[in-house]
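Just so you know, the numbering used here puts 109 at position 109 of the sequence shown, and the rest follows in order with no gaps. Backbone N, C-alpha and C define an ideal beta-carbon position, used for all residues, glycine too. To keep things clear, I will list the structure first and then write my remarks on it.
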Amino acid sequence: MPLSRRSVALLGATGSIGVQTLDVLRHESERFELVSISGGEQLSELAAIADEFNVKRVAVKSDAHRSTLGELVARDVSIVVGDEGLSELSSTADVVVNAVLGFAGLPITLAALGAGKRLALANKESLIAAAPLVTTVRDTRGAQLVPIDSEHCAIHQCLASSPAEPGYPDVRRLLLTASGGPFRGWSREQLRDATKADALRHPTWSMGAKITVDSSTLMNKGLEVLEATALFGIDAERVKVVVHPQSIVHSMVEYVDGSVLAQLSRPDMRLPIAYCLGLPQRLTHHWGDLDFTTSMELRFEPPDEEAFPALGLAYEAARLGGAAPAWLSAANEVAVEAFLADEIRWCDVVAIVASTMEHYVADPLTSLAALHENDEAARRWARASLEK
Ligand code: NDP
Ligand code: MG
């Protein structure tokens with residue numbers, strides 16, 4: 001049975017996930033209509049997307065961005081601004097792809113779920129920071145939270161046949177795979193001299209700069225442990241990280257009887273994006289198969305938690321709960337931004353997150369106002385430790 005044409009809002013259309021989503025949509029124009037987009041600073045690219053896809057509405061960051069974009073787009077589009085603009089566009093389409101970077105994606109996550117839409121979530125930071133609040137809005141009638149992040153998308157697929165009982169009692173552990181990033185096997189001494197060029201050279205994935213740095217520190221995997229607990233309602237003690245350098249097995253679910261289910265594919269984000277758009281149907285792919293006619297090696301090894309302390313910090317934030325994950329993610333955003341601006345060394349990034357976490361005061365996070373206060377406090381402490 002063919003799918004009826006679904007409307008799609010793609011927020012963060014100019015980024016790495018955004019561009020790959022557009023590629024899927026170009027091949028699937030009979031099934032999906034792109035109605036709304038947003039972008040940050042790349043306004044010419046945003047205007048070109050608006051024109052190519054005939055989108056109706058565009059969200060930008062400020063009034064100044066709106067004026068510039070207005071001059072760049074050839075057609076008449078409605079341009080909305082700021083967090084309210086993002087929320088408005090997130091409440092109207094059938095599927096909302098949140099491909100914005102960092103905490104700035106929060107209004108999208110809350111608005112899409114609150115309006116009972118399908119949220120195809122790449123923006124892990126909003127879910128990690130706001131987990132106690134998201135748990136409530138995702139109960140809205142019709143709301144569906146589907147992860148684009150490849151590991152969580154793999155787990156979503158492996159859990160498809162499990163009874164959806166709270167906490168998944170049949171599941172012993174979720175096994176999150178990690179490529180290990182560009183510094184796998186490096187000693188602590190070698191890591192002291194790691195450069196920005198080294199950190200941005202990911203061995204298997206081509207992604208935006210922030211997540212590429214997060215992969216090099218293993219903070220990305222730490223954030224993904226927190227993301228998994230929020231998505232699947234499984235405690236962090238039941239989420240294990242396994243290094244798998246080939247990035248073919250995207251994650252696994254181990255059941256109580258010892259059976260392990262895995263999802264395999266070439267490392268290409270268009271697959272999880274297409275999965276989230278098409279669910280419950282699969283979209284025919286154009287991104288290549290795994291080749292089982294030649295020999296292929298799949299290796300697994302434990303992570304080096306001493307050389308990469310970010311993982312331990314994330315497990316500690318999970319244990320603390322409340323606003324601790326929001327602090328971890330906010331401090332990491334500040335530190336990675338400073339690293340990308342050449343203000344600090346690679347080895348300072350996780351050190352800044354660790355010293356920020358020392359100032360965390362337990363907060364159960366019961367309101368959006370409290371989340372913003374915690375986010376601001378964490379950023380203040382992180383900036384203060386940048387100056388030390
Ligand atoms: P990019 O940096 O490539 O793209 C980010 C997008 O968000 C761009 O469209 C950017 O606009 C926009 N943006 C950035 N800051 C703001 C802001 N303050 N307000 C509004 N829009 C903003 O990131 P990625 O595509 O790599 O990552 C996006 C999200 O997906 C992240 O949360 C990441 O962790 C997650 N993810 C990414 C994967 C990947 O393969 N890239 C894999 C799994 C998860 P502009 O460029 O115009 O300034
Ligand atoms: Mg991932």
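Measure from the alpha carbon of residue i to the alpha carbon of each residue in the options, then state which is nearest.
i, options, result
"residue 202", "168, 212 and 136", "212"
"residue 130", "363, 385 and 383", "363"
"residue 112", "86, 336 and 125", "86"
"residue 145", "121, 52 and 293", "121"
"residue 27", "278, 305, 353 and 323", "278"
"residue 265", "251, 372 and 54", "251"
"residue 227", "377, 24, 52 and 317", "317"
"residue 161", "246, 117, 253 and 237", "253"
"residue 353", "303, 291, 218 and 271", "218"
"residue 369", "323, 361 and 336", "323"
"residue 273", "73, 118, 64 and 49", "118"
"residue 150", "271, 337, 282 and 69", "271"
"residue 371", "198, 163, 126 and 143", "126"
"residue 335", "84, 388 and 189", "388"
"residue 135", "189, 293 and 232", "232"
"residue 286", "24, 42, 183 and 303", "24"
"residue 220", "30, 83, 152 and 163", "152"
"residue 314", "187, 356, 62 and 338", "356"
"residue 65", "74, 51 and 46", "46"
"residue 269", "260, 247 and 199", "247"
Provide the residue span of the alpha helix (DSSP H) that contains residue i, from first to last.
i, result
"residue 275", "270-278"
"residue 188", "188-192"
"residue 157", "150-158"
"residue 67", "63-72"
"residue 353", "346-357"
"residue 114", "106-114"
"residue 328", "324-340"
Tell me the DSSP secondary structure of residue i in three-state form.
i, result
"residue 168", "coil"
"residue 1", "For residue 1, the predicted model reports a pLDDT of 46, less than 50, meaning its position is unreliable and no value from the coordinates is stated."
"residue 18", "helix"
"residue 252", "strand"
"residue 380", "helix"
"residue 387", "helix"
"residue 90", "helix"
"residue 290", "coil"
"residue 316", "helix"
"residue 390", "A question about residue 390 goes unanswered here, because the residues of the chain that appear run from 1 up to 388."
"residue 234", "coil"
"residue 78", "strand"
"residue 43", "helix"
"residue 227", "helix"
"residue 258", "coil"
"residue 198", "helix"
"residue 321", "coil"
"residue 362", "coil"
"residue 139", "coil"
"residue 126", "helix"
"residue 84", "helix"
"residue 212", "helix"
"residue 183", "coil"
"residue 307", "coil"
"residue 132", "helix"
What residue does the beta strand (DSSP E) around residue i start on, and which one ends it?
i, result
"residue 54", "Neither: residue 54 is in no beta strand (DSSP E) and is coded neither H nor E."
"residue 147", "144-147"
"residue 29", "Neither: residue 29 is in no beta strand (DSSP E) and is coded neither H nor E."
Starting from residue i, follow its DSSP beta bridges and name the residues at the other end.
i, result
"residue 37", "10 and 58"
"residue 219", "The partner list for residue 219 (beta bridge, DSSP) is empty, contrary to what the question assumes."
"residue 240", "175"
"residue 98", "11 and 121"
"residue 393", "Examination of residue 393 is not possible in this model, given that the chain is present from 1 through 388 alone."
"residue 301", "243"
Measuring only from the beta carbon, is residue i closer than 7 Å to any heavy atom that is part of the ligand HEM?
i, result
"residue 205", "The ligand HEM is absent from the structure shown, which contains only the ligand NDP and the ligand MG."
Pairs of beta-carbons, one from the region 370-383 and one from the region 318-330, closer than 8 Å: are there three or more? Verdict: yes, contact present.
State whether the region 167-180 contacts the region 224-244, with contact taken as three or more CB pairs (one from each stretch) at a distance under 8 Å. In this structure the region 167-180 lies against the region 224-244, because at least three pairs of beta carbons, one per stretch, are closer than 8 Å.
Is it true that the region 187-202 meets the region 343-351, where meeting means three or more beta-carbon pairs spaced less than 8 Å apart? Result yes; three or more Cβ-Cβ pairs closer than 8 Å.
Do the region 88-102 and the region 36-56 make contact, defined as three or more Cβ pairs closer than 8 Å? A contact exists between the region 88-102 and the region 36-56.
Pairs of beta-carbons, one from the region 13-31 and one from the region 92-108, closer than 8 Å: are there three or more? Three or more Cβ pairs closer than 8 Å define a contact, and the region 13-31 meets that threshold against the region 92-108.
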